[in-house]
Every structure is written in structure tokens, then in C-alpha cells.
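Heads up, the thing below is written out as C-alpha cells.
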């Protein structure tokens with residue numbers, strides 16, 4: 002059996018996001034642009050579940066759980082982009098301590114999992130719906 006590609010893995014993570022959204026949030030994600038708004042609402046809840054710095058009340062998700070969420074939601078956001086604009090999943094290793102999951106779209110490298118990580122950790126300043134809108138505008142212009 003051939004080894005799964007990064008594209009296979011990200012598509013599987015995206016499907017996991019669809020299943021998770023249905024089971025845990027009663028949301029039906031359909032890989033449309035508007036579904037990114039639903040993902041943004043889910044990421045808001047995930048961000049709010051993180052312990053606030055200096056707070057000892059309540060234990061938040063582990064780093065492994067956060068990493069899984071990043072791949073799952075980053076895979077979903079990336080798959081919406083890839084299905085709309087085309088592109089290929091790759092990994093970049095230059096100047097990084099480890100591989101970075103990258104989506105190459107219309108000659109540009111974007112990093113949906115990294116964006117989702119920032120959204121979960123930083124909050125609404127890294128809104129994925131706004132990110133998607135900016136990318137869509139740029140891709141429509143041929144950038």
C-alpha cells in the first residue's frame with residue numbers, strides 16, 4: 002500500500018473537521034466559502050477554552066490536542082481554498098526546525114494550519130474568515 006501523501010492527510014483532516022463540527026457543534030460544514038464563518042465561530046470557542054495567562058482555574062487542552070485541532074481546522078480551511086482556487090499541499094523545510102504544512106495556490110505559498118494555530122492562541126486578531134476574504138480578493142486579482 003502506498004504511503005499517504007500530505008494531500009491525502011490534509012483531506013482526511015478536513016473530513017475529520019466536518020465530522021467534529023457535526024458531532025460537537027451541530028454544524029454542517031460543506032466546503033463552501035460561507036462555511037469558513039462557521040469555522041471562525043468554532044475557533045472562537047476553542048480559543049476561549051484555553052487557560053488565560055496567569056490563571057490557575059481550569060485546565061485547557063493539551064498541546065497534542067491543540068496540534069490535532071490545528072491540523073484538522075487548518076486542513077479544512079485549506080481544502081476550502083484548494084477546492085475554490087486550486088493548489089497543492091506540500092511541506093516546506095527551509096529555515097524551519099521542522100516541516101511546515103503549505104498550500105501552494107496560484108504561485109503563492111499560504112499556511113492555513115499556521116493561521117489556525119495563531120487564531121486559536123491569539124484570538125480574534127487572527128480571524129480566519131477575514132484571512133479567507135483577503136486571500137480570495139488577492140486570488141481574484143491574480144496575485
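In my numbering, the protein residues as written are 2 to 144. Quick reminder that beta carbons are idealized off the backbone N, C-alpha and C, glycines included.
DSSP has residue 80 in a bridge; who is on the other side? None; residue 80 has no bridge partner.
**Prompt:** Tell me the DSSP bridge mates of residue 104?
**Reply:** Secondary-structure assignment with DSSP links residue 104 through a beta bridge to 90, 111.
Mapping DSSP to helix, strand and coil, what is residue 32? The answer is coil: DSSP assigns residue 32 none of H, G, I, E or B.
**Message:** Can you find the residues in the same chain that come closer than 8 Å, C-beta to C-beta, to residue 33, ignoring five residues on each side of it along the sequence?
**Reply:** Hits under 8 Å: 81.
Exercise for review: Return the chain-ordered list of same chain residues with a C-beta closer than 6 Å to the C-beta of residue 76, the five sequence neighbours on each side being excluded.
Suggested key: Answer for residue 76: 11, 14, 15, listed in chain order.
Q. Would you report the Cα separation of residue 1 and residue 108, rounded to the nearest angstrom?
A. It is not possible to answer for residue 1, since the shown part of the chain is limited to 2 through 144.
Can you tell me where the alpha helix (DSSP H) with residue 137 in it begins and where it stops?
Taken as a continuous stretch (DSSP letters only), the alpha helix (DSSP H) holding residue 137 covers 129-141.
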